[in-house]
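**Q**
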Amino acid sequence: AIRDDPRFAAILQQAAQPFVPSPQDPNSPPAPTPVREGTAPVTTANTSWLEARGTLFTAFAFDVDQTPDSGIAVVGTEPADQLVQQWFRDGTAAGHFGDLYDNLDRRHSLLSLKRFPQLARVEYCDEAKQAGIDWGIQVQHLFNRPTLGNSSTAQVGDPWWRSNPRLFMYSDALTKLVYNQYVSNHLYVYPEHKDYDAAQGDVFPAHVPYCVISQGSSGTDRPFLDAIALAMAALRPAVKQKLVSAGLLMPTIQAILRRSCRKVLTDDDYLSWKAHQIVFQAE
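Letter by letter, the sequence shown follows residues 15 to 297 of this note's numbering.
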């Protein structure tokens, strides 16, 4: 028993004091870098290591006066585009001001930022690119703003071939990192590549809501990026603010996405397999 040890009593006294990180503390949040002209730069100045989360953390600051096309949330001719833009113009839709888009396949499969001009694109500095932070599965980063991302990549050409989602599902540590992203208002879309096809069958070990998996390979993620971006922009401003503050933005987006599937016609359907397939088909 260590209860009577004076050193243990000292530890209890320390633990009773509120923790206030100092500016020199390595776990202190970094100073945010301004987002300018739609670009959110990841640099050594605005990025720090969060020991408690086991991840890098980058902070950005948004200046409403410097937001390009602040009066246009969605550009497009599709009925959904026009409807969300009309809601935004009426003040009943939040748009994307303060939201990030994080692409991790080096522009191989890009969300159209011309269609969503308020989204700020995450841009990695040379040091980050040299370290490979800008490529593959996103398990190394958290941002201080809601983030929609994708990576049309997979591990191929060796006995350990697998999609990005199957890569993290086989690791308890990586799954926890992806979970932390999910409850921090981040959501990424990845293709299943060959993990859910006729040749191999379903080789996923689990079904989790922490990402969206598209049927197929490169480019099959883009319809889901569009759908998620539209849903994020369409939320009422006060609702979106509340969801972000509570860490519930992406669980809500997942619920909307699944309730909107063509096979899901009723609330009972939503509580069945129809709304909760491991891999989703764009059609």
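Backbone N, C-alpha and C fix where the C-beta goes; we use that ideal spot for every residue, glycine too.
A quick note: this is a predicted structure, and the numbers were derived from the prediction, not measured.
Under 6 Å Cβ to Cβ from A296, same chain only, skipping five residues before and after it: list those, please.
**A** Counted from its first residue, the sequence shown places residue 296 at position 282. The residues are P237.
**Q** Judging by CA-CA distance, which residue of G171, R129, S123 and L118 is the nearest neighbour of A145?
**A** Within the sequence shown, the letter at position 131 stands for residue 145. Per the Cα distances, L118.
**Q** Thinking just about the alpha-carbon of each residue, which of V203, A247 and K143 is nearest to the one in F130?
**A** By 1-based counting over the sequence shown, the position of residue 130 is 116. Answer by Cα proximity: A247.
**Q** Considering only the beta carbon of each residue, do F11 and S228 sit closer than 8 Å?
**A** Since the first residue of the chain shown is 15 and the last is 297, residue 11 is not available in this structure.
**Q** Please report the Cβ distance between N178 and D235, rounded to the nearest whole angstrom; I am assuming they are in contact, meaning their Cβ atoms lie under 8 Å.
**A** Here residue 178 refers to the residue found at position 164 of the sequence shown. Here residue 235 refers to the residue found at position 221 of the sequence shown. Their Cβ separation, rounded to whole angstroms, is 10 Å, which puts N178 and D235 out of contact at 8 Å.
**Q** Leaving out the 5 sequence neighbours to the left and right, which residues in its chain are closer than 7 Å to Q169 when beta-carbon positions are compared?
**A** Taking the sequence shown and counting its residues from 1, the one referred to as residue 169 is at position 155. Closer than 7 Å at Cβ, skipping near neighbours: W175, R176 and L181.
**Q** Where does the unbroken beta strand (DSSP E) through T53 begin, and where does it stop?
**A** For the purposes of this step, residue 53 is taken as residue 39 along the sequence shown, with counting starting at 1. Where T53 is concerned, the enclosing beta strand (DSSP E) stretches over T53 to V56.
**Q** DSSP puts N117 in a beta bridge; with which residues?
**A** Counting from one through the sequence shown, the residue named residue 117 turns up at place 103. DSSP output for N117 lists N164 as bridge partner(s).
**Q** Given that a residue counts as buried once 16 or more other Cβ atoms are within 10 Å of its Cβ, and exposed if not, what is L125?
**A** Residue numbering aside, residue 125 sits at position 111 when the sequence shown is read from its first letter. It is buried - the Cβ of L125 has at least 16 other Cβ atoms within 10 Å.
**Q** Using CA atoms only, rank isn't needed, just tell me which of V56, G230, W287 and D240 is closest to A142.
**A** What you label residue 142 is simply residue 128 of the sequence shown in a count that begins at 1. For the residues V56, G230, W287 and D240, the minimum Cα distance to A142 belongs to V56.
**Q** List, from N- to C-terminal side, the beta strand (DSSP E) runs of 3 residues or more that fit wholly inside the stretch 218-254.
**A** 225-228
**Q** Where in the stretch 104-155 do unbroken runs of the alpha helix (DSSP H), each at least 4 residues long, occur, reported from the N-terminal end onward?
**A** 140-144
**Q** The alpha helix (DSSP H) that contains F71, what's its start and end?
**A** As a first step, residue 71 must be located in the sequence shown, where it is residue number 57. Taken as a continuous stretch (DSSP letters only), F71 belongs to no alpha helix (DSSP H), being part of the beta strand (DSSP E) at T69 to T72.
**Q** What does the alpha-carbon distance come out to for the pair R21 and H200?
**A** Along the sequence shown, read from residue 1 onward, the residue named residue 21 stands at position 7. Along the sequence shown, read from residue 1 onward, the residue named residue 200 stands at position 186. Between R21 and H200, the C-alpha separation is close to 42 Å.
**Q** In whole angstroms, give me the CA-to-CA distance for V49 and S62.
**A** Mapped onto the sequence shown, residue 49 falls at position 35. Mapped onto the sequence shown, residue 62 falls at position 48. The straight-line gap from Cα to Cα measures roughly 18 Å.
**Q** Measure from the alpha carbon of T47 to the alpha carbon of each residue in R67, A23, Y138 and Q152, then state which is nearest.
**A** As a first step, residue 47 is located in the sequence shown; it is residue number 33 there, counting from the start. The shortest C-alpha separation from T47 is found at Y138.
**Q** Who are the near neighbours of A59 in its chain, counting only those whose CB is closer than 8 Å to its CB and skipping five residues on each side?
**A** Residue mapping note: residue 59 aligns to position 45 of the sequence shown, counting from 1. Once the five neighbours on either side are set aside, the close Cβ partners of A59 are P44, A45 and T47.
**Q** Helix, strand or coil: how does DSSP classify F33 here?
**A** Here residue 33 refers to the residue found at position 19 when the sequence shown is read from its first residue. If DSSP states are grouped into helix, strand and coil, F33 belongs with coil.
**Q** Does G215 come within less than 8 Å of chain D when only Cβ atoms are used?
**A** Among the protein chains of the structure shown there is no chain D, as only one such chain exists.
**Q** Considering just the uninterrupted stretch of the alpha helix (DSSP H) at P265, what are its terminal residues?
**A** The residue given as residue 265 occupies position 251 in the sequence shown. P265 -> alpha helix (DSSP H) spans L263 to R273.
**Q** At the level of alpha carbons, what is the spacing between C225 and Y196?
**A** Within the sequence shown, numbered from 1, the residue matching residue 225 stands at position 211. Within the sequence shown, numbered from 1, the residue matching residue 196 stands at position 182. Using only the alpha carbons, I get a separation of about 8 Å.
**Q** Where D140 and D148 are concerned, what is the direct C-alpha to C-alpha distance, given to the nearest angstrom?
**A** Stepping through the sequence shown from its first residue, residue 140 is reached at position 126. Stepping through the sequence shown from its first residue, residue 148 is reached at position 134. The straight-line gap from Cα to Cα measures roughly 10 Å.
**Q** Is the CB-CB distance between Q99 and I86 below 8 Å?
**A** For the purposes of this step, residue 99 is taken as residue 85 along the sequence shown, with counting starting at 1. For the purposes of this step, residue 86 is taken as residue 72 along the sequence shown, with counting starting at 1. Yes, the Cβ-Cβ distance between Q99 and I86 is below 8 Å.
**Q** At the level of alpha carbons, what is the spacing between V278 and L271?
**A** Here residue 278 refers to the residue found at position 264 of the sequence shown. Here residue 271 refers to the residue found at position 257 of the sequence shown. Whole-angstrom Cα-Cα distance: 10 Å.
**Q** Identify the continuous beta strand (DSSP E) that holds T61 and give its terminal residues.
**A** Counting from one through the sequence shown, the residue named residue 61 turns up at place 47. Counted as a single uninterrupted DSSP element, the beta strand (DSSP E) harbouring T61 occupies residues T61 to L64.
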